[in-house]
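Residues 1 to 516 (UniProt numbering) are what the sequence shown spells out, left to right.
Each residue gets a CB set at the ideal place from its N, CA and C atoms; glycine is no exception.
Keep in mind that this is a model prediction, so the values were computed, not measured.
Heads up, the thing below is written out as structure tokens.
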Amino acid sequence: MQSLVDFINGIIWSPALIYLCLGAGLFYSITTRFMQVRHFGEMIRLLFAGQSSDKGISSFQALAVSLSGRVGTGNIAGVAAAIGFGGPGAVFWMWVVAFLGASTAYYESTLAQIYKVEDEGQFRGGPAYYIEKAMGQKWYAWIFAIATIVACGLMLPGVQSNSIGNAVEAALGSGDMIETTLGTFSSAKIITGAIVCVVLAFIIFGGVKRIAHFTQIVVPFMALGYIVIAFVVILLNIDMVPSVFATIVGDAFSPMAGVGAAIGWGVKRGVYSNEAGQGTGPHAAAAAQVDHPAQQGMVQAFSIYIDTLLVCSATAFMIIITGAYNVHGGAEGAFLVQNLPAEIAANSPVFTQMAIETAMPGLGKPFVAIALFFFSFTTILAYYYIAETNIAYIHRTIHVPGLTFVLKIALLASVFYGAVKTANLAWALGDIGVGLMAWLNIVGILIIFFMAKPALKALKDYEMQKKAGVKEYVFDPVKLGIKGADYWEERMKRKGQKSPDLGEDSSTTGTAKSTL
């Protein structure tokens, strides 16, 4: 099973996908004139602007839901894996992915807002919706929807619960070994898996509103608490910070694990962690109640910074400062750097636990176990919401009774099995899910860009309204030459809104004065 999964993984995560992720981020950075830098202040302002409604959630709630998907085990075990297989230089490439990926996140999330729909009293949207509406290719949208249901409903949840199980086992011990038909597992992992499933079932059977309310409380708390502990570890070793920077940057261009390993693992774990271009973030973005699609695109771009430049960097600095890592070589079982016992898996949370334990004895293992529980648990909630949204998309064409209930049971089974199975298999399956979605989504949004440039038109429109100092932003897709944005067209009619008069240059429909 492991060999087959690794073979498929190798095909999906070929160098082509690595360069596609980096290339798409660079392309959108240039075409948006590096909006992730120019609008940094506006991103922060928009975080707390807007209110939720009966149909949609607030910008902050949408950020929390998307961050609950972005901030997960990838920020702890994923960073450890990037260092363990790609060397410290892989962290630099995670930063590159985050910086460039912020523009990709803007683009895909703005598309989700433009083409969102009202479904049974709430907003829905995401890649399947904008692929159908903007590309006009329903078959491609269906492929994405099915791939996402499988990835987020079956493949990815097991990675999160696996890290929870490993962290709890490392903190409390394995307990008694229990033999089952699926193999022999520790009682600690079985009990952990059961507890996670019970709490998870209570929330996912409560709907998107319960998920949003839970995540808006838990996500900021867990991220802040983790970063505080990381800063304490860094402050205790403040004299080593310059050398850590030098190690990361120096190893990025003369990597101990090889150029391919540093870039490959940095990009792979960067995409896994911040999910820019993967197509998961747009689902939460579409659910937000905003006055203009570009607003939520900017909020989602900022979430990439929070995920990678803050949380992932905090993990990386703790690990490298304390030397709590190994770097695997090309040969089987060989190490380029070995500071820890060989049996410690690089794709587990143990590197991070050992790092905190080194600086604050007695705290590392239990703290990381608790942090991973919240990080991973909220990510599983986000995966469920994403899979449910794609089932809702399928139901618009063919209604399959009980499909959502089947998803809930399948996800709970995946979570329990993931909590007790080996880390290598869990991560390999997760990588397949991430890779499939990234391929389908990035290719889709690139095609949409060249067909109509809807997200770029939305950005220019927002910038012009902001410059004009309008009191209430208005999005008129007809005036911008954007087709298929049914919700926004109906909103304009329902509210009797008119586009603000911004002068002749306000037209972005392809006239000579357009700068697009």
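8 Å Cβ cutoff met for residue i and residue j
i	j	result
V97	V271	yes
V244	I321	yes
L480	K457	yes
Y487	E118	yes
T389	M94	no
A105	Q296	no
K189	A419	yes
T315	A230	yes
G430	D251	no
residue 527	T352	Residue 527 is absent from the structure shown; the chain starts at 1 and stops at 516.
A276	A147	no
M354	A134	no
I12	I432	yes
Y384	A145	no
W265	F405	no
A285	Q113	yes
A194	F374	no
D476	M464	no
P282	G126	yes
I442	A24	yes
residue 519	T192	In this structure the chain extends from 1 to 516, so residue 519 is not present and cannot be described.
Contacts around residue i, its chain only, beta-carbon distance under 6 Å, and the 5 residues preceding and following it disregarded
i	result
L26	L100
S163	T73, A77, P349, L372, S376
Q36	A102, S103, A301
V263	Correcting the residue type first, residue 263 is Ile in the shown sequence and not Val. Correct list, in chain order: W93.
Cβ neighbour criterion (16 or more within 10 Å) applied to residue i
i	result
Q278	buried
F253	exposed
residue 518	Not covered by the structure: residue 518. The range shown for the chain is 1 to 516.
I44	exposed
S109	buried
S3	exposed
L516	In this prediction, L516 has a pLDDT of 36, which is less than 50 and means its spatial position is unreliable; nothing more can be read from the coordinates.
R38	exposed
L381	buried
L235	exposed
S53	The predicted model places S53 with a pLDDT of 49, which falls under 50 and marks its position as unreliable, so this point remains unresolved.
K116	buried
F123	buried
E490	exposed
F221	exposed
A400	Contrary to the premise, residue 400 reads as Val rather than Ala in this sequence. Label assigned to V400: exposed.
D461	buried
V368	buried
Residues that DSSP places opposite residue i in a beta bridge
i	result
D119	Q122
H328	F335
Nearest residue (CA-CA) to residue i, options the options
i	options	result
I18	A428, Y393, G435	G435
I482	A468, L459, K467, T192	L459
Q289	F48, Y107, F40, P15	F48
T247	L381, A455, G89	G89
L172	P220, G364, V470	G364
A287	Q2, G121, F40, Y305	G121
H395	L22, Y129, P282	Y129
L46	A419, I445, R494, S303	S303
L20	R494, M451, M437	M437
K408	P477, S29, I391	I391
L154	A410, I217, N75, P282	A410
H292	R269, L111, F85, F374	L111
I386	E490, T280, Y393, I447	T280
N424	E489, N347, Y226	N347
G426	S161, A262, G264, L310	In the sequence as presented, Gly is not what sits at residue 426; that position holds Ala. Per the Cα distances, S161.
S414	I131, P157, A485, N441	P157
A151	L440, V311, R494	L440
L310	L403, V228, K495, M240	V228
Y305	W139, I217, N75	N75
I131	P454, D461, G444, K471	G444
R33	P255, P361, Y107	Y107
P366	T379, S273, Y226	Y226
V241	A223, L446, I319	I319
Min CB distance residue i to chain C below 8 Å
i	result
I191	This model lacks chain C altogether, as it is built from one protein chain only.
Residues of its chain near residue i, where Cβ-Cβ distance is below 8 Å and the 5 sequence neighbours each way are ignored
i	result
F335	N326, V327, H328, G329, A342
E42	M298, K466
D6	A428
N339	G323, A324, Y325, N326
Same chain only: Cβ atoms within 7 Å of residue i, ignoring 5 sequence neighbours per side
i	result
P15	none
T31	L456
L412	C197, L200, A201
V159	T73, G418, A426, W427, G430
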